[in-house]
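In my numbering, the protein residues as written are 1 to 193.
Right, dumping it as structure tokens:
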């Protein structure tokens, strides 16, 4: 038994919400250091401010929606689950940042940064912490926590951006640099078992 098709009103609402979120991300990309306003989003979307407020009752709701849309658009690779996938992760996640470089830079330099960091990056840190805990259970909790934080630092957008702009690394070099630090950190943890 199949589900009945979505109603016209439901499809219209979905499309309107999509237009609002696209306009919000476009607005942030155009001026990442400026506050995101409902007025600016409405103007860019070609709709009224009232319509934006119908979908997002408060500006904070709009920012949360834009952060969720950013994460959806980024199409991040699956989180690492073991040592090998953790070592491969910088290449995969950096490729995602690179594929959507304008959007990533906008998120790094806008009001979305903390919202994105507290959702997507938090899940990444939890996965890394689990791998570190499994690889070095005899190490102190503090050592494992510091190792996970150092590894996590090398698989976030700001580090990708730093490697690409300040060091002038190409994508492969940036991923290799991150992988090297991660391997050294894991080797250090495991050698002291």
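Where is the CB? At the ideal position from N, CA and C, for every residue including glycine. Predicted model, so just to flag it, every value in this text is computed and none were measured.
- Using a Cβ distance threshold of 9 Å, residue 80 and residue 128 count as a contacting pair.
- Contact annotation: residue 111 and residue 63 have beta-carbon atoms nearer than 9 Å.
- Apart from sequence neighbours up to five positions away, the residues of its chain that approach residue 178 with a beta-carbon distance below 6 Å are 90 and 154, ordered along the chain.
- Within the model, the alpha-carbon separation for residue 29 versus residue 138 is close to 46 Å.
- Residue range 157-165 is occupied by the alpha helix (DSSP H) that includes residue 162.
- Only residues of its own chain outside the window of five on either side were considered, and among them none has a CB closer than 6 Å to the CB of residue 119.
- The beta carbon of residue 104 sits closer than 6 Å to the beta carbons of 97 and 157 from its chain, once the five residues preceding and following it are set aside; these are given in chain order.
- In the DSSP assignment, residue 18 falls within the unbroken alpha helix (DSSP H) covering 8-30.
- Judged by DSSP in its simplified three-state form, residue 75 adopts coil rather than helix or strand.
- If you look at residue 90, you'll find it in the alpha helix (DSSP H) that goes 83-99.
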